[in-house]
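Start counting the sequence shown at 1; every next residue gets the next number (my numbering). Here is the structure we will look at.
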Amino acid sequence: MFDTMTMTKTAGALCGALLVFLLGNWAAESIYSMGGGHGEDHAQGYVIDTGEGEAEEVVDEGPSIGELMAAADPANGEGLFRNCAACHAVVDGENKVGPHLYGVVGRDVGSVASYGSYSGSLTAVAQVWTPVELNAFLENPKAYAPGTTMGYAGMRKAEDRADLIAYLDQTDGTTFEMPAEEAAAEPAAEEAAAEPAAEEAAEPAAEEAAAEPAAEEAAAEPAAEEAAAEPAAEEAAAEPAAEEAAAAEPAADAGASDFAALVAAADLAEGEKLYRRCGACHKLEDGKNGAGPHLFGIVGRDIASVEGFAYSDALKGLEGEWTLEKLSGWIENPRAYAPGNRMGFPGLKDEADRANLIGYLQSTAN
1 MFDTMTMTKT
11 AGALCGALLV
21 FLLGNWAAES
31 IYSMGGGHGE
41 DHAQGYVIDT
51 GEGEAEEVVD
61 EGPSIGELMA
71 AADPANGEGL
81 FRNCAACHAV
91 VDGENKVGPH
101 LYGVVGRDVG
111 SVASYGSYSG
121 SLTAVAQVWT
131 PVELNAFLEN
141 PKAYAPGTTM
151 GYAGMRKAED
161 RADLIAYLDQ
171 TDGTTFEMPA
181 EEAAAEPAAE
191 EAAAEPAAEE
201 AAEPAAEEAA
211 AEPAAEEAAA
221 EPAAEEAAAE
231 PAAEEAAAEP
241 AAEEAAAAEP
251 AADAGASDFA
261 ALVAAADLAE
271 GEKLYRRCGA
281 CHKLEDGKNG
291 AGPHLFGIVG
301 RDIASVEGFA
311 YSDALKGLEG
321 EWTLEKLSGW
331 IENPRAYAPG
341 NRMGFPGLKD
351 EADRANLIGY
361 LQSTAN
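Structure below.
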């Protein structure tokens with residue numbers, strides 16, 4: 001049995017050991033660290049240089065959806081569709097929990113008339129289910145369209161998404177024309193970025209056509225008047241033509257300045273979000289082309305001027321540079337602006353969206 005003296009000695013020994021430990025800890029901290037008291041920053045006493053800190057982080061973005069689609073395996077996509085089959089069918093008109101996916105590639109978003117449970121969140125971010133849009137949606141539905149009622153968690157592997165989209169593209173017997181080397185290239189913003197996100201533009205007349213509709217109508221009137229005028233009235237018709245042409249110029253300038261004002265007040269954060277649609281085919285790094293030409297410094301750049309990129313004839317025939325108005329016209333509707341181009345991007349109909357996107361592209365070069 002321990003007596004009182006033994007217990008006292010034992011307790012004293014433990015307390016002494018604890019005190020030695022605390023003093024040793026304090027001494028070690030004093031030697032191997034520097035800094036003030038509590039709440040102040042502390043620095044290491046010495047640093048071992050491994051050389052890792054100076055290395056720049058290299059992010060491998062991988063191939064674009066256009067490149068993946070070119071090598072996609074629809075048979076594998078059919079197997080992957082089993083993940084979707086609980087809620088979707090590939091038979092035309094056969095809806096389940098979700099709308100049917102027959103012919104979904106190239107179909108307008110939210111357009112199945114027989115399906116009445118759309119959340120509305122999808123039409124807020126896209127208009128046509130192109131491979132680019134489907135790829136972004138399948139990767140992370142809730143991040144792509146916040147508020148969507150679809151419970152699918154997403155497909156992380158890019159190759160699997162391309163295979164699934166290739167399978168869905170065959171369900172209606174037609175194949176969506178995915179831009180190949182050059183067209184996957186076609187600017188989704190330079191070719192409208194998207195973002196895609198415009199280096200496939202209209203005919204040379206687009207140089208003047210970049211002017212607003214008001215200018216076009218004003219220019220059309222004098223043309224009609226002159227055509228209708230008889231030779232004897234040539235001099236008389238010339239006057240109104242000149243007056244109307246002079247009036248058209250201020251109208252065009254006003255339209256251009258209005259859009260320039262929108263770009264100047266652009267929401268760059270919103271523009272960056274819109275650019276995600278373009279990112280599958282276009283890069284923002286100078287000289288780094290993807291499926292399409294890079295978009296670094298696109299505003300004010302000569303059309304079809306990126307060295308080493310094979311442009312289509314539609315762009316090669318254009319002169320001038322990508323002004324704000326030309327980019328807006330291209331991004332609004334690439335197919336209407338440059339008939340015959342193969343770019344899959346459907347366009348941005350909202351003028352504010354176009355201004356935000358162009359403002360963001362312009363900011364990346366500053």
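Beta carbons: idealized from backbone N, C-alpha and C, even for Gly. It should be emphasised that the depicted structure is a prediction, and the values quoted were computed from it without experimental measurement.
Start-to-end residues for the alpha helix (DSSP H) that takes in residue i
| i | result |
| --- | --- |
| T364 | 351-364 |
| L315 | 313-316 |
| F137 | 131-139 |
| S328 | 324-332 |
| D172 | D172 -> no alpha helix (DSSP H), and no H or E assigned at all. |
| A369 | Outside the shown range of the chain, which is 1 to 366, sits residue 369, and nothing can be said about it. |
| M387 | Only positions 1 to 366 of the chain appear in the structure, and residue 387 is not among them; the question remains open. |
| G79 | 74-80 |
| A70 | 65-70 |
Alpha-carbon spacing of residue i relative to residue j, whole angstroms
| i | j | result |
| --- | --- | --- |
| L22 | T8 | 21 Å |
| S64 | K288 | 13 Å |
| G300 | A113 | 43 Å |
| Y159 | S257 | A small correction: the amino acid at residue 159 is Glu; Tyr does not occupy that position in the sequence shown. If you take the alpha carbons of E159 and S257, they lie about 45 Å apart. |
| M150 | V97 | 9 Å |
| P293 | G279 | 11 Å |
| L274 | S121 | 15 Å |
| S305 | G347 | 22 Å |
| S312 | G297 | 20 Å |
| A71 | N356 | 34 Å |
| G332 | R354 | Per the sequence presented here, residue 332 reads as Glu, with Gly not at that position. Cα-Cα distance, rounded: 7 Å. |
| V90 | L168 | 8 Å |
| N135 | E285 | 22 Å |
| G66 | A264 | 33 Å |
| Y115 | A85 | 16 Å |
| A365 | L138 | 31 Å |
| S328 | P334 | 10 Å |
| R107 | H88 | 15 Å |
| G16 | A153 | 59 Å |
| F81 | S111 | 21 Å |
| F259 | N95 | 43 Å |
| G367 | M155 | This structure leaves residue 367 out entirely; the chain is present only between 1 and 366. |
Residues near residue i in its chain [Cβ-Cβ closer than 7 Å; skip 5 each side]
| i | result |
| --- | --- |
| A126 | V109, E133 |
| S119 | G147, T148, T149 |
Beta-carbon contacts of residue i that lie in its chain and below 6 Å, excluding the five residues immediately before and after
| i | result |
| --- | --- |
| Q370 | This structure leaves residue 370 out entirely; the chain is present only between 1 and 366. |
| K283 | G290, H294 |
| D92 | Y102 |
Buried versus exposed call for residue i [16 or more other C-beta atoms within 10 Å across all chains shown]
| i | result |
| --- | --- |
| A27 | exposed |
| V20 | exposed |
| T10 | exposed |
| I31 | exposed |
| L18 | exposed |
| L14 | exposed |
| A124 | exposed |
| A266 | buried |
| A314 | buried |
Closer than 7 Å to chain C by CB, residue i
| i | result |
| --- | --- |
| C15 | Any reference to chain C falls outside this structure, which holds one protein chain only. |
Same chain, Cβ closer than 8 Å to residue i, five either side skipped, listed in chain order
| i | result |
| --- | --- |
| D73 | D163, A166 |
| M5 | none |
**Report entry** Any 3 or more C-beta pairs closer than 8 Å across the region 68-84 and the region 139-151
**Finding:** The region 68-84, when compared against the region 139-151, does not touch it at the 8 Å Cβ threshold.
Report task. Could you say if the region 306-326 and the region 165-176 meet the contact criterion of at least three C-beta pairs nearer than 8 Å? Result -> A contact is defined here as three or more CB-CB pairs under 8 Å, and the region 306-326 fails this definition with respect to the region 165-176.
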